[in-house]
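In terms of my numbering, the sequence shown opens at residue 148 and continues consecutively. Presented below is the structure to which this report refers.
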Amino acid sequence: MRAKNFIDLAGRRFGRLTAVSVQAVEPTRWLCKCDCGADTVKRYQHLIGGLSRSCGCLRREVATTNMR
Numbered sequence: 148m149r150a151k152n153f154i155d156l157a158g159r160r161f162g163r164l165t166a167v168s169v170q171a172v173e174p175t176r177w178l179c180k181c182d183c184g185a186d187t188v189k190r191y192q193h194l195i196g197g198l199s200r201s202c203g204c205l206r207r208e209v210a211t212t213n214m215r
């Protein structure tokens, strides 16, 4: 059962993530597909707030770049 104020994010992009489908209702979690090909589940609030932008591949790329 979805909340009255449910916002459908399916197909929307958040950084490298594309929201695919709802996985849990409270708190709302979305299955997302990353540009690198990985699937990940992220909270709604983290997606719209900009806290989640990738599956973790972005952090690894930045760390690798900073070590050079």
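Positions of the beta carbon are idealized from the N, C-alpha and C atoms, including for glycine.
Between the alpha carbons of Ala157 and Arg207 lies a gap of roughly 26 Å. Per DSSP, Leu156 lies in no alpha helix (DSSP H) and is assigned neither H nor E. By the Cβ neighbour-count rule, Cys181 is buried, with 16 or more other Cβ atoms within 10 Å of its own. Cα atoms of Ala210 and Gly203: separation of roughly 11 Å, rounded to the nearest angstrom. Per DSSP, Thr175 has no beta-bridge partner at all.
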